[in-house]
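K.L.:
The structure's right below; bear with me while I get my questions together.
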Amino acid sequence: MSKCTCFHSTGLKEITPWRDMITSAQLEQIRKNFASVKPMNEKPFALPKSNSSAAPAKPSPVVVEFGPVRLFYTGYARIDNAITDALKGKSQELKDSVYDIIRSDFLPNNVHGVEEADRLARISLGVEKAEYLAGQFMDAGTRASFMDAMRSIARIGTEGKRVGSCKMEYQVENAVCVDGNGYVHEDGRGEYLYAMEKYSPETYAEYQKLLNASGDDTTESAMFALKWAISNLDLVAAGRQGYREKQDKEYEKLYQVELDDTFSGSDTRSKEHFLASIKEKLMANRELQINLFMDQIAQMAKAPGGYLTARRMILSGRA
Numbered sequence: 024m025s026k027c028t029c030f031h032s033t034g035l036k037e038i039t040p041w042r043d044m045i046t047s048a049q050l051e052q053i054r055k056n057f058a059s060v061k062p063m064n065e066k067p068f069a070l071p072k073s074n075s076s077a078a079p080a081k082p083s084p085v086v087v088e089f090g091p092v093r094l095f096y097t098g099y100a101r102i103d104n105a106i107t108d109a110l111k112g113k114s115q116e117l118k119d120s121v122y123d124i125i126r127s128d129f130l131p132n133n134v135h136g137v138e139e140a141d142r143l144a145r146i147s148l149g150v151e152k153a154e155y156l157a158g159q160f161m162d163a164g165t166r167a168s169f170m171d172a173m174r175s176i177a178r179i180g181t182e183g184k185r186v187g188s189c190k191m192e193y194q195v196e197n198a199v200c201v202d203g204n205g206y207v208h209e210d211g212r213g214e215y216l217y218a219m220e221k222y223s224p225e226t227y228a229e230y231q232k233l234l235n236a237s238g239d240d241t242t243e244s245a246m247f248a249l250k251w252a253i254s255n256l257d258l259v260a261a262g263r264q265g266y267r268e269k270q271d272k273e274y275e276k277l278y279q280v281e282l283d284d285t286f287s288g289s290d291t292r293s294k295e296h297f298l299a300s301i302k303e304k305l306m307a308n309r310e311l312q313i314n315l316f317m318d319q320i321a322q323m324a325k326a327p328g329g330y331l332t333a334r335r336m337i338l339s340g341r342a
């Protein structure tokens with residue numbers, strides 16, 4: 024793997040011990056003066072005596088509760104809305120487990136210390152985790168559309184590209200239009216640009232010039248495209264069928280991406296069978312970073328009931 028370029032690598036210099044920063048003469052002066060300094064407390068420190076013979080109280084465990092996992096949308100309406108439908112009316116624990124798979128297994132932003140083989144194997148594990156959840160908490164009809172959508176996101180993750188050695192980029196939308204019911208609506212920009220490129224290539228070239236010069240702020244190029252669309256609604260309508268066919272081809276291309284099969288065929292009959300099955304498959308793939316996956320298995324084992332993500336952490340210690 025190439026040298027780490029993310030925030031985990033700070034580039035700080037090695038810390039020099041304090042004793043190595045002073046001279047022997049300064050150290051000798053400190054020793055001479057130390058005995059002449061009056062202590063701040065005249066009385067030695069001691070705990071008050073207690074007449075009670077009761078055993079010391081046992082410390083209570085500390086319970087830390089995390090908020091729900093944030094939702095994640097790819098911007099592909101057919102994919103996102105299938106997951107929204109599958110999770111409608113389901114428990115928050117199931118939603119947490121599903122969106123944790125998407126964020127942590129399929130589309131992690133930072134992959135510090137993770138080799139490419141491990142990244143792809145983690146996507147494979149995410150697919151099996153989704154298969155387990157679907158089998159435990161969804162009916163047959165919902166299960167099929169849900170898994171189709173989850174595998175599609177897994178394919179997007181598989182096609183992800185590294186930036187440097189630790190950051191990932193995926194073909195997903197950063198800003199997504201979501202209505203009050205959680206459904207994604209693809210904006211009209213794709214239609215506008217398709218029609219502009221097809222029927223007015225000179226204008227499209229001007230749009231591309233604006234877009235490339237805009238950096239992170241694409242307001243000017245977006246307004247340019249919108250104004251053109253308002254003035255050419257007939258051309259937008261004429262290109263609508265062609266744009267839909269183009270979209271179909273993009274989805275079809277996505278469906279052709281092959282997924283890693285490291286954890287394929289895991290036993291999803293119950294949580295116990297599932298965890299044992301993925302552990303067995305992990306042991307058969309010793310070239311992977313075993314500890315990385317064992318930590319995941321341990322976290323899934325701690326999750327309550329049949330879920331795979333825990334929102335509560337119980338911390339306890341001994342006095």
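The number in this note's numbering is simply the position in the sequence shown, starting from 1, with 23 added. Where a beta carbon is used, it is the ideal one built from N, C-alpha and C, also for glycine.
Considering just the uninterrupted stretch of the beta strand (DSSP E) at Val201, what are its terminal residues?
P.N.:
Premise fails: Val201 is in no beta strand (DSSP E) and is neither H nor E.
K.L.:
Straight-line CA distance for Pro327 to Gln159?
P.N.:
Going from the Cα of Pro327 to the Cα of Gln159 covers about 14 Å.
K.L.:
Between Arg335 and Lys152, what straight-line distance do the alpha-carbon atoms span, to the nearest angstrom?
P.N.:
Going by the C-alpha atoms only, they are around 20 Å apart.
K.L.:
Just the C-alpha distance for Ile313 and Asp128, rounded to the nearest angstrom, thanks.
P.N.:
One C-alpha to the other measures close to 16 Å.
K.L.:
Would DSSP call Val259 helix, strand or coil?
P.N.:
The answer is helix: DSSP assigns Val259 an H, G or I state.
K.L.:
If you follow the beta strand (DSSP E) that Met306 is in, where does it begin and where does it stop?
P.N.:
From DSSP, Met306 is part of no beta strand (DSSP E) but of the alpha helix (DSSP H) over Lys294 to Met306.
K.L.:
Would you mind working out which of Asp239, Ser244 and Gly238 sits nearest Glu229, comparing C-alpha positions?
P.N.:
Measuring from the Cα of Glu229, the nearest candidate turns out to be Ser244.
K.L.:
If I follow the unbroken beta strand (DSSP E) through Lys190, where does it start and stop?
P.N.:
Start and end: Lys190 to Glu192.
K.L.:
Compute the Euclidean distance between the alpha carbons of Asp239 and Asn197, then round it to the nearest angstrom.
P.N.:
When rounded, the distance between both Cα atoms is 12 Å.
K.L.:
Using a Cβ distance threshold of 8 Å, determine whether the region 101-118 contacts the region 133-151, with at least three qualifying pairs required.
P.N.:
Output reads no: the region 133-151 does not touch the region 101-118.
K.L.:
Which residue's Cα is closest to the Cα of Asn133: Thr241, Asp103 and Cys189?
P.N.:
Out of Thr241, Asp103 and Cys189, Cys189 has the C-alpha closest to the C-alpha of Asn133.
K.L.:
Which class does Asn132 belong to by DSSP, given the choice of helix, strand or coil?
P.N.:
In this structure, Asn132 counts as coil in the three-state DSSP scheme.
K.L.:
Note down, in chain order, each residue of its chain lying with its Cβ closer than 7 Å to the Cβ of Glu182, except the 5 sequence neighbours on either side.
P.N.:
Excluding positions up to five away in sequence, the list reads Gln194 and Val280.
K.L.:
Would you list the residues sitting across from Glu51 in a DSSP beta bridge?
P.N.:
In the DSSP output, where bridge partners are listed per residue, Glu51 has none listed.
K.L.:
Between which two residues does the alpha helix (DSSP H) harbouring Glu243 extend?
P.N.:
Start and end: Thr242 to Ser254.
K.L.:
Would you call the region 286-301 in contact with the region 253-264, where contact means no fewer than 3 C-beta pairs closer than 8 Å?
P.N.:
As far as the Cβ criterion goes, the region 286-301 does not touch the region 253-264, which means the pair count is below three.
K.L.:
Mind checking who Lys113 pairs with in its DSSP beta bridge?
P.N.:
Looking at the DSSP assignment, Lys113 forms no beta bridge with any residue, so it has no partner.
K.L.:
List the whole-angstrom C-beta distance separating Leu234 from Thr241, where the pair is believed to meet the contact cut-off of C-beta under 8 Å.
P.N.:
Right, the Cβ-Cβ distance comes to about 6 Å (below 8 Å), so this counts as a contact.
K.L.:
In three-state terms, what does DSSP make of Arg309?
P.N.:
Coil, per DSSP.
K.L.:
Use the C-beta contact count for Lys304: other C-beta atoms within 10 angstroms, 16 or more gives buried, fewer gives exposed.
P.N.:
Counting Cβ neighbours within 10 Å, Lys304 comes out buried, since at least 16 surround it.
K.L.:
Might you give, ordered along the chain, the residues of its own chain that have their beta carbon closer than 6 Å to the beta carbon of Ala342, omitting 5 neighbours on each side?
P.N.:
Here the model assigns Ala342 a pLDDT of 45, short of 50, so the residue's position is not dependable, and the following value carries that caveat. Cβ within range, chain order: Pro82.
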